[in-house]
Each structure stands twice: as C-alpha cells, then as structure tokens.
DNA sequence: AAGGCGGGGCA
DNA sequence: TGCCCAGCCTT
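Residue numbers (the UniProt record's numbering): 1 to 404.
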C-alpha cells in the first residue's frame, strides 16, 4: 500500500466516525443479496451492451442530471454519429451541439469534446485506466471517474451520485445533508467499505437501479426492497426522515421582449448567443431585456393583456425599436402589441418573453446586420441549434401566423 | 461553499 | 406549482 492510499484511508476512517460499519460477514451477505437482485432485475440499456470505456463515458455524461428514458434516443443517435473518441475529437462544434439539442447543460458536450482531444494527444487515443488520470479529463468529476473506473476497468472505485446518497442515507440513517457538496465524501467512504471488489461495476449500477426503481425519492416502499433486512431506517421505522436534503432557491424571473423579424425574402433574423454562459453558442430570435415588461401575461378573450405595464406600451415599443436599430441595424414595422408570451424555466432563472412580430420591407434595410446574426429561411432552421425558449417562440409564431 | 448551468416528468 | 434527476465548473 502506498503512502497516499494509507492517508486516504485514515481520513475516511475519521469521516466514518459515528457511523458504525457492518462486520465483514454482514457486508458479504449484503453484496451477495444486492448483486443477485441486480442479476435478475437489471435494466437492458444500450450502454450496458459491453464494457467499452467510450460507450460508458458518453452514457455517464448524458445521464448527469438527466433521466434514463430521456437519454436513450440521444445516446443511440450520438453513438451513430460519433462512434469513436477520435470522431468526437474531430467533430465540428455546431454538429456536436445539434446532437445535444434538447438535452440541456450544453457545456457537457463541449467539455466532452475537449476531453476527447486530451485523450488523443496525451493518452494515445485510449481512455486512461488510472482514476487519477481519468479525473484530469475535462467534464469528468468524482462521480464519473468512479463510474468509468468501476464499470469499464473493474476497479473498486465508488461512484457516488444522488441515488447512492439516498440509498445509503436510508440504509445507515445518515443525517448529513446530501445537498451539501462537502458531504459527498462521507458516502464515498462508506462505499469504499461496501463495494464488491470482484464486481465493482455491477455493484455501483445495482445502487443506481435500486435508487431509480424501489428506493425512490417519492412513493418509497422500503418493504419491497431486496435489501430491506439491511435497511436500518426501515428496521427502526425512521425511513421517512431520510435522506436529509436542504431546499434549492427559487428561480429568479427575467423579462424579455422577443423580436421575430421577417425580411422581404421570407427569412428570419437569428442571433448566435455568446460562447460562454447560458445557452452558449445557441441561436435565438433577438432577445431584448425589458424592465417595463414586468407582468405575466393574461390571455382574455383571445387578446393578450397585462404583458406590459399599462401606459408603458408605447415606451416598450420605443425601447425595442431603438435597440433593434442600434444593435441589429434593422428598422422593422413592428406590431404594437406582443402576440404571445413564452415562459421557460431554467434551474436558476425563469424567463418571461413577450413575443413581437415585425417585418423589414425594404431589402437594403436588412443588409448590415452584425457578425453574429444571420437571416435564415425556416427551411434551414434544422441546421441551427435552438434552445427551449426559441422553439417555443417559433411554435407560437407558426400557430398564430401560419394557419390557413 | 455557493452559484451557474437545461429540460422534462411527476404528484 | 415544486421537487426530482447516473454532476461539474467557476468563483
């Protein structure tokens, strides 16, 4: 045993202080029980076809904060389009982003490509086996490191995600708040004790399957669990107290005017968002933050009211026109009222977008738009990656203006 | 340690 | 509606 490893063990012993660990005999029975259940009940998932590190890696990145059912079609499509680490490393970013459209957390795919390029340059095109090396790759944190090491390479590394923390907190009646990042190491320490050294990948995945099928956040029925005899909170009748998880802050409202501008050729003005931050490098109709738009829309008798403060309608139009001319160099004829309001909830923001429609009549007025903007015909929209709010604006436009 | 970063499914 | 989900990066 190296010096570094023994230090980690010492540290984790301290963390475990207060949480009584089971005797080895009980640990052995637990492993056997859980793995037997997994052998029978495990889900047939595309990335479980073999132990190819690339296949496992892609699935783990997609599954971050994303449900299995959502991921499957994206996964199949992605593996078809980018079947190897090399293909991923050499892909064009906009093609990559398009393959990720709708999955969310788009920096995941940009980081994954950077990691693929790291692997081509530093590791001869092969995913490294050493967890220390794996965790150096962009976008791969403690969880994904453990997942790849255990599932692809059979190493006894913990892979602690939300499922594992929930299951463990119920098994051992752990009061630590699982929303606090610092508490992850408690659960890692326990998993290092529990993990089956011969089938670490199956062991980790058994926790995932248990967490998503039986040991769920809601509608939890501990009496149905294959490991109920090991479940301390079930035996003590305290299971409804676990896990302890502090609440997240509410999404902050942000108000925009969305300007759907059509030119004489029937093309629409699209803008590429900045390369960093929210929805980086994705395409939307011009969005103008508008503080006067401080009301949620009410649709009464087919008419949209309440989107803007009363008496401020004219001011909103003036602001929008000024911004369109200054930033986008267009002077469209604009509807005096928005035709719809689109709402979109992110994890930390809630957008309210009052959608206006306008046309640029004269051809020469639409010639000098900025570099990050294009006039795009709807038949070419497929080549542009649209985030949720953009798709909602476009669908609303189609339903209002494109019928009959 | 806290906040930014998507989107959909569910009661 | 609010909460949840096979988290990671930046500050």
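For glycine and all other residues, C-beta sits at the position ideal for the given N, C-alpha and C.
Can you tell which of the options has the C-alpha that lies nearest to the C-alpha of residue i?
| i | options | result |
| --- | --- | --- |
| residue 105 | 126, 123, 65 and 36 | 65 |
| residue 260 | 283, 98, 275 and 192 | 283 |
| residue 174 | 244, 112, 212 and 205 | 244 |
| residue 384 | 339, 188 and 270 | 270 |
| residue 438 | 74, 88, 112 and 122 | The question about residue 438 has no answer here: the residues shown for the chain are numbered 1 through 404. |
| residue 184 | 341, 264 and 158 | 158 |
| residue 111 | 222, 139, 341 and 288 | 139 |
| residue 249 | 155, 369 and 348 | 348 |
| residue 102 | 154, 120, 85 and 72 | 72 |
| residue 23 | 247, 155 and 194 | 194 |
| residue 51 | 81, 290, 331 and 149 | 149 |
| residue 439 | 395, 394, 34 and 18 | Missing from the structure shown is residue 439; the chain here goes from 1 to 404 and no further. |
| residue 67 | 188, 267, 209 and 371 | 209 |
| residue 398 | 339, 255 and 374 | 339 |
| residue 225 | 25, 19 and 36 | 36 |
Is residue i helix, strand or coil when you go by DSSP?
| i | result |
| --- | --- |
| residue 37 | helix |
| residue 369 | coil |
| residue 173 | coil |
| residue 157 | coil |
| residue 405 | The chain is shown only over 1 to 404; residue 405 falls outside these bounds and no answer can be derived. |
| residue 289 | strand |
| residue 284 | strand |
| residue 299 | Since pLDDT at residue 299 reaches only 36, below the 50 mark, its modelled position is unreliable, and the value read off the structure follows with that caveat. Looking at residue 299 - three-state DSSP - the assignment turns out to be strand. |
| residue 125 | coil |
| residue 304 | Annotation note: pLDDT 48 at residue 304 (below 50); position unreliable, coordinate value reported separately. Note: residue 304 maps to strand in three-state DSSP. |
| residue 1 | In this predicted model, residue 1 has a pLDDT of only 33, less than 50, meaning its place in the structure is not dependable; the value taken from the coordinates is given anyway. In the structure shown, residue 1 sits in coil (DSSP, three-state: anything other than H, G, I, E or B). |
| residue 274 | coil |
| residue 43 | coil |
| residue 59 | helix |
| residue 138 | coil |
| residue 416 | In the structure as shown, the chain begins at 1 and stops at 404. Residue 416 is therefore absent and cannot be evaluated. |
| residue 162 | helix |
Answer with buried or exposed for residue i, where buried requires no fewer than 16 other C-beta atoms within 10 angstroms of its C-beta.
| i | result |
| --- | --- |
| residue 44 | exposed |
| residue 322 | exposed |
| residue 333 | exposed |
| residue 401 | exposed |
| residue 198 | exposed |
| residue 87 | exposed |
| residue 336 | exposed |
| residue 145 | buried |
| residue 379 | exposed |
| residue 345 | exposed |
| residue 93 | exposed |
| residue 113 | buried |
| residue 53 | buried |
| residue 49 | exposed |
| residue 251 | exposed |
| residue 128 | buried |
| residue 296 | With a pLDDT of only 46 at residue 296, under 50, the local geometry of the prediction cannot be trusted, and no value is derived from it. |
| residue 59 | buried |
| residue 107 | exposed |
| residue 367 | exposed |
Got a sec: does the ligand GDP put a non-hydrogen atom nearer than 7 Å to the Cβ of residue i?
| i | result |
| --- | --- |
| residue 336 | As far as ligands go, the structure on display features none, and thus does not contain the ligand GDP. |
Take every Cβ of the segment 227-245, pair it with every Cβ of the segment 26-35, and state whether three or more of those distances are shorter than 8 Å.
yes
Which runs of the beta strand (DSSP E) spanning at least 3 residues fall entirely within the segment 205-271, listed in chain order?
252-262
Cβ contact (3+ pairs, closer than 8 Å) linking the segment 166-180 and the segment 112-132
no
Along the chain, which unbroken stretches of the alpha helix (DSSP H) at least 4 residues long are found entirely within the segment 315-401?
388-401
Between the segment 37-56 and the segment 209-216, can you find at least three pairs of beta-carbon atoms closer than 8 Å?
yes
Pairs of beta-carbons, one from the segment 374-393 and one from the segment 265-279, closer than 8 Å: are there three or more?
yes
Ignoring anything shorter than 4 residues or poking outside the segment 80-123, list the alpha helix (DSSP H) runs there in chain order.
85-90, 93-100 and 107-122
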